[in-house]
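Peer 1: Here it is: the structure, laid out below.
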Amino acid sequence: MPNSNEMDPLNPGRLPTPDDLRFKPKETPDPQHTPLPSWTAPALGAMIGAFGAIPAFQQYDGPMAWILTGVMMFLGLLGGLIILGYDIARR
58 MPNSNEMDPL NPGRLPTPDD LRFKPKETPD PQHTPLPSWT APALGAMIGA FGAIPAFQQY
118 DGPMAWILTG VMMFLGLLGG LIILGYDIAR R
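Set out below in structure tokens:
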């Protein structure tokens, strides 16, 4: 008679088989291939857009430079959201 801890708790008297899913250990994700958080692509897009607007401050003064910075950040955010949507659809 097998030990009580070897018995299948849901079906008494039945030994677990190796292919029984309830007794397989959970797979841990590979730490080198864990996905990035969902906010990474939009945030990076907005930051790259802000850096792309730096030449606007060299050419324009006042509110026009800030408007161009906002437009560039919005375009970067939009690109990041498109990348995020593609990543979610691919999973």
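Its first residue numbered 58, the sequence shown is counted upward by one per residue in the working numbering.
Note that the Cβ used here is the ideal one computed from N, Cα and C, for glycine as well.
No experiment lies behind these values; they were computed from the predicted model shown.
With a threshold of 16 other CB atoms inside 10 Å of the CB of Ala110, please say whether the residue is buried or exposed.
Peer 2: When all chains shown are included, Ala110 counts as buried.
Peer 1: Check whether the Cβ atoms of Leu135 and Ala98 sit closer than 8 Å, and answer yes or no.
Peer 2: No, these two residues do not count as a Cβ contact at 8 Å.
Peer 1: Using only the alpha-carbon positions, how far apart do Tyr117 and Gly137 sit?
Peer 2: Near 27 Å, if we compare the C-alpha coordinates of Gly137 and Tyr117.
Peer 1: Could you check if Ile102 is buried or exposed, using at least 16 other CB atoms within 10 Å of its CB as the buried criterion?
Peer 2: Here the sequence assigns Gly to residue 102, which means Ile is not the residue at that position. With 16 or more Cβ atoms within 10 Å of its Cβ, Gly102 is classed as buried.
Peer 1: Just reading off the alpha helix (DSSP H) that Trp123 is part of, what are its end residues?
Peer 2: Residues Pro120 to Arg147.
Peer 1: Would you mind reading off the limits of the alpha helix (DSSP H) that contains Ala100?
Peer 2: Its alpha helix (DSSP H) spans residues Thr97 to Gly109.
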